[in-house]
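*Asks:* Sharing a structure, written as structure tokens. Questions coming.
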Amino acid sequence: PAKFDLAADQSPVKSQGSRGVCSIFSTVALMEHLYVKEGTLPNPDFSEQFLQWSVKIEVGSFTDSGGSNAQSNLRAISQYGIVAEQDWPYESFPWGTSQDPGCTGETQPTLCYTNGSPPESALAATRWKLPAGRYVNSRTRSIKAFLTENKTAVIAGMTFFYQSWNHRASALPVNSEYWSEGYVLYPNATDKTKSAEKSAGHSILIVGWDDDLEVQQVDGEGKKVVDAQGNPVMEKGFWLFKNSWGTSGFGIRNAFGKGYGWLSMRYVEEYASVYGSGVPTLALREICDDGLDNNYDDLVDCDDPSCSEDPACRPSGLTFTNSTTTPIPDNLPAGITSTIIVPQAGTIESLSVSLDITHPYIGDLTVTLVGPDGTRVALHNREGASADDIRKTYLPAGFVGKASAGTWTLEVADHGASDVGTLNSWSLSFTLGDALEICDDQIDNDGNGQTDCADAACSEHAACQGAQTLTGSNDTPVAIPDDDPTGVTSNITLTGAGNVSSLSVSVDITHTFRADLIVKLRHPGGSEVTLFNQEMDGETNLVRTFTPSELNGLAAAGTWSLVVIDGASRDVGTLNSWSLTVQAVP
Numbered sequence: 083p084a085k086f087d088l089a090a091d092q093s094p095v096k097s098q099g100s101r102g103v104c105s106i107f108s109t110v111a112l113m114e115h116l117y118v119k120e121g122t123l124p125n126p127d128f129s130e131q132f133l134q135w136s137v138k139i140e141v142g143s144f145t146d147s148g149g150s151n152a153q154s155n156l157r158a159i160s161q162y163g164i165v166a167e168q169d170w171p172y173e174s175f176p177w178g179t180s181q182d183p184g185c186t187g188e189t190q191p192t193l194c195y196t197n198g199s200p201p202e203s204a205l206a207a208t209r210w211k212l213p214a215g216r217y218v219n220s221r222t223r224s225i226k227a228f229l230t231e232n233k234t235a236v237i238a239g240m241t242f243f244y245q246s247w248n249h250r251a252s253a254l255p256v257n258s259e260y261w262s263e264g265y266v267l268y269p270n271a272t273d274k275t276k277s278a279e280k281s282a283g284h285s286i287l288i289v290g291w292d293d294d295l296e297v298q299q300v301d302g303e304g305k306k307v308v309d310a311q312g313n314p315v316m317e318k319g320f321w322l323f324k325n326s327w328g329t330s331g332f333g334i335r336n337a338f339g340k341g342y343g344w345l346s347m348r349y350v351e352e353y354a355s356v357y358g359s360g361v362p363t364l365a366l367r368e369i370c371d372d373g374l375d376n377n378y379d380d381l382v383d384c385d386d387p388s389c390s391e392d393p394a395c396r397p398s399g400l401t402f403t404n405s406t407t408t409p410i411p412d413n414l415p416a417g418i419t420s421t422i423i424v425p426q427a428g429t430i431e432s433l434s435v436s437l438d439i440t441h442p443y444i445g446d447l448t449v450t451l452v453g454p455d456g457t458r459v460a461l462h463n464r465e466g467a468s469a470d471d472i473r474k475t476y477l478p479a480g481f482v483g484k485a486s487a488g489t490w491t492l493e494v495a496d497h498g499a500s501d502v503g504t505l506n507s508w509s510l511s512f513t514l515g516d517a518l519e520i521c522d523d524q525i526d527n528d529g530n531g532q533t534d535c536a537d538a539a540c541s542e543h544a545a546c547q548g549a550q551t552l553t554g555s556n557d558t559p560v561a562i563p564d565d566d567p568t569g570v571t572s573n574i575t576l577t578g579a580g581n582v583s584s585l586s587v588s589v590d591i592t593h594t595f596r597a598d599l600i601v602k603l604r605h606p607g608g609s610e611v612t613l614f615n616q617e618m619d620g621e622t623n624l625v626r627t628f629t630p631s632e633l634n635g636l637a638a639a640g641t642w643s644l645v646v647i648d649g650a651s652r653d654v655g656t657l658n659s660w661s662l663t664v665q666a667v668p
């Protein structure tokens, strides 16, 4: 067709500010456009700041300059992925000596061009990718074929001609009308010569074309060109493009929106390199306790069917723990064993295993769970390479349908030299299909998260007559001090009579890297139970309900405390609210 555009499938125009990162912005513009086409993310917005860092540090390209190109940018995105804008927001000014003394002169450290390194939370955040980039011939018909066949835009990086772009740094006169319309003509001979004296490049996103658009040519003196008869000399055929110079100057009168422009097809054919990619295929996973709709299906956390078997959505009171600290011998395949005796008989419907192991190189470790009948299931088999520690909950399906009662054994072995560690604790939590709730033993016998009188099965039992439910909440937000072993404490006072038969505590914590967190519940008498202990899952936030049984039997009334500790530096958060529900029996 004579006219074609993909303008409806673009993200908003952005500004690169005073940094020379136009290639980064055009590549991210392409990525956002492709995610708009895919349709899952409602408003895709990715981090230019992170891509600049990834190209130079992870890909290893353009380490001694602020620039890059589409080929390296797309390699970074397809191979490593980049994070959302909110995870590392763009800084529109380059670093100077106030940020680092080395950020001056012709030769600067790479960190000056990346504005430092990503925060830990950004490195742990979800990385979004694209299919591998591909070269597109810069001939007009080749670009048109790519746009129409794929219905996707392309990046064009090119030699920069100052007068053609009507740029304020031009040594030649420029045209303010053309600037506001976004017209970029083929460079005249004078512009080519003058621009070569301070050579530069620019990169944009081509999103359409108009074969019929005509714009009068301009000479080296900035005058519109006419022929011998006084007729205007026109240039015909322009690409519609999205620029990265914001929306307050360039292209403010463009019909497709502020910040868009029209670029000479001849210019692109002679002076540009063009690259494209493809629409991504997403397989998003719902994180079941962060308060976010991670897979964008309008269902959050435990309301999402994919979370039905997640430990966070299946609170269990039938939990057995071994907290005996045991050193793990270095480079000894025989390893160590630790046991838990489970007295509760029943058929296992589900089982979760929580580990707390300190080790500086978990790629050395194997961890195996052995059931009472000899069934063996590997929980961890030398994954994770040089990562620290294992604080994680597993859902081994190999024990479903088997008997719960008996001696369970955890085997932990270190298969590499130099690094040593410790098994701090481990626990088993069961849901049983055929166990009956005993209504006065302070045990969740069937593992459904409800103990004694809190279980509907006990509503008529004599021990539950006179039982009452005590509830309280604290909605005052409290900042969690960073890297502080004392942490922050928030209180709830319960009034009423009786002893704890069961309890549940719900927490809502915003944090950029929740693996830093330790969360404890403190009874009015001073006894404590740890609810969350720096689980290394790399996620943000903590929105979860816990049902600990360690405080059962103690007095229900009094001032209860939630203690939240951030045990590592750099990432911060807030305890937004928490609530406590206690089932009390006489």
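For the sequence shown, the numbering used here begins at 83 and goes up steadily by one.
All C-beta atoms in this analysis are idealised placements derived from N, C-alpha and C, irrespective of residue type, glycine included.
With a cut-off of 8 Å, do at least 3 Cβ pairs link the segment 443-455 to the segment 498-510?
*Replies:* Yes, the segment 443-455 touches the segment 498-510.
*Asks:* Give the straight-line distance between the Cα atoms of I418 and Q181, rounded to the nearest whole angstrom.
*Replies:* Roughly 50 Å between the two C-alpha positions.
*Asks:* Where G148 and S100 are concerned, what is the direct C-alpha to C-alpha distance, given to the nearest angstrom?
*Replies:* C-alpha separation (whole angstroms): 11 Å.
*Asks:* Compare the Cα-Cα distances from Q98 to each of A538, D653, N325 and report the closest residue.
*Replies:* The option with the nearest alpha carbon to Q98 is N325.
*Asks:* Would you mind giving the Cβ-Cβ distance between L88 and G290, rounded to the nearest angstrom? I have them listed as a contact below 8 Å.
*Replies:* At roughly 6 Å, the Cβ-Cβ gap stays under 8 Å, so L88 and G290 are in contact.
*Asks:* Give the straight-line distance between the Cα atoms of P454 and A204, rounded to the nearest whole angstrom.
*Replies:* Answer to the nearest angstrom: the Cα atoms are 43 Å apart.
*Asks:* Taking C-alpha atoms, which residue in L156, P126, G121 lies nearest to V137?
*Replies:* Of the candidates L156, P126, G121, the one whose C-alpha sits nearest the C-alpha of V137 is L156.
*Asks:* Taking the alpha-carbon positions, what's the L374 to L552 distance?
*Replies:* Distance between the alpha carbons of L374 and L552: 29 Å.
*Asks:* Since L514 and S486 are thought to touch, with beta carbons under 8 Å apart, how far apart are those beta carbons, to the nearest angstrom?
*Replies:* L514 to S486, Cβ: 6 Å. Contact.
*Asks:* Check the C-beta distance from P478 over to V435 and give it rounded, since I have them as a contact under 8 Å.
*Replies:* Confirmed, Cβ separation roughly 6 Å.
*Asks:* Just the Cα atoms here: how many angstroms apart are I286 and V356?
*Replies:* Those two C-alpha atoms are separated by around 10 Å.
*Asks:* In terms of residues, what are the limits of the alpha helix (DSSP H) holding R348?
*Replies:* Here the alpha helix (DSSP H) through R348 covers 347-353.
*Asks:* Could you check how far apart the C-beta atoms of D590 and S659 are, in whole angstroms? I think they sit under 8 Å.
*Replies:* Between S659 and D590 the Cβ distance is about 5 Å, and since that is below 8 Å, they are a contact.
*Asks:* Could you compute how far the alpha carbon of P124 sits from the alpha carbon of A152?
*Replies:* So the alpha carbons of these two residues sit roughly 25 Å apart.
*Asks:* What first and last residue would you give for the alpha helix (DSSP H) that runs through A152?
*Replies:* 152-161 is the extent of the alpha helix (DSSP H) around A152.
*Asks:* Within 10 angstroms of its Cβ, does I410 collect 16 or more other Cβ (buried), or is it exposed?
*Replies:* Buried, because 16 or more other Cβ atoms sit within 10 Å of the Cβ of I410.
*Asks:* Anyone know if the C-beta pair for V350 and M240 falls short of 8 Å?
*Replies:* Contact flag set, yes.
*Asks:* Can at least three beta-carbon pairs, one atom from the segment 328-339 and one from the segment 263-270, be found at a separation below 8 Å?
*Replies:* In short, these stretches touch, since the Cβ pair count reaches three.
*Asks:* Please list the segments of the beta strand (DSSP E) lying wholly inside the segment 482-566, counting only runs of 3 or more residues, in order along the chain.
*Replies:* You should have 488-496, 503-514, 550-556, 560-562.
*Asks:* Going by beta carbon distance, what residues of the same chain come within less than 6 Å of S277, once the five residues before and after it are set aside?
*Replies:* Same-chain partners within the cutoff: F243, Y244.
*Asks:* Looking at the structure shown, is S330 part of a helix, part of a strand, or coil, going by DSSP?
*Replies:* Looking at S330 - three-state DSSP - the assignment turns out to be coil, as it is neither helix nor strand.
*Asks:* Our contact map puts S609 next to T533 with C-beta atoms below 8 Å; I'd like the distance itself, whole angstroms only.
*Replies:* Not confirmed; about 17 Å, so no contact.
*Asks:* Which complete beta strand (DSSP E) runs does the segment 209-234 hold, if anything under 3 residues is left out?
*Replies:* Here the runs fully enclosed are 216-218.
*Asks:* Is it the case that the Cβ atoms of T234 and K85 are separated by a distance below 8 Å?
*Replies:* Not a contact, by the Cβ cut-off of 8 Å.
*Asks:* Do you know how far the Cα of T457 is from the Cα of S390?
*Replies:* Going from the Cα of S390 to the Cα of T457 covers about 25 Å.
*Asks:* Rounded to whole angstroms, what's the CA-CA distance from E130 to Y172? Just pull it up for me.
*Replies:* One C-alpha to the other measures close to 6 Å.
*Asks:* Suppose you measure from the CA of N270 to the CA of W247; what does that come to, to the nearest Å?
*Replies:* Rounded to whole angstroms, N270 to W247 spans 12 Å at the Cα level.
*Asks:* Sort S541, S105, F512 by Cα distance to D528 and report the nearest one.
*Replies:* Checked all of S541, S105, F512; the closest Cα to D528 is F512.
*Asks:* Along the chain, where does the alpha helix (DSSP H) containing F243 start, and where does it finish?
*Replies:* Unbroken run through F243: none, as it is neither H nor E.
*Asks:* What span of residues does the alpha helix (DSSP H) with W135 cover, start to end?
*Replies:* Per DSSP, W135 belongs to the alpha helix (DSSP H) from 130-135.
*Asks:* Just reading off the beta strand (DSSP E) that M316 is part of, what are its end residues?
*Replies:* Note, M316: beta strand (DSSP E), 316-324.
*Asks:* Assuming L437 is part of the beta strand (DSSP E), what are its boundary residues?
*Replies:* Residues 430-440.
*Asks:* Go through its chain and collect everything with a Cβ distance to E317's Cβ below 8 Å, but skip five positions before and after it.
*Replies:* Excluding sequence neighbours, E317 sits near L267, Y268, E296, V297, Q298, Q299, S346, R348.
*Asks:* Determine, using beta-carbon pairs with one atom in the segment 218-233 and one in the segment 189-201, whether at least three such pairs fall under 8 Å.
*Replies:* No contact exists between the segment 218-233 and the segment 189-201.
*Asks:* Compare the Cα-Cα distances from A549 to each of T575, S572, I562, N581 and report the closest residue.
*Replies:* Taking only the C-alpha atoms, the option nearest A549 is N581.
*Asks:* Which residues mark the beginning and the end of the alpha helix (DSSP H) in which I106 is found?
*Replies:* That run of the alpha helix (DSSP H) goes 104-120.
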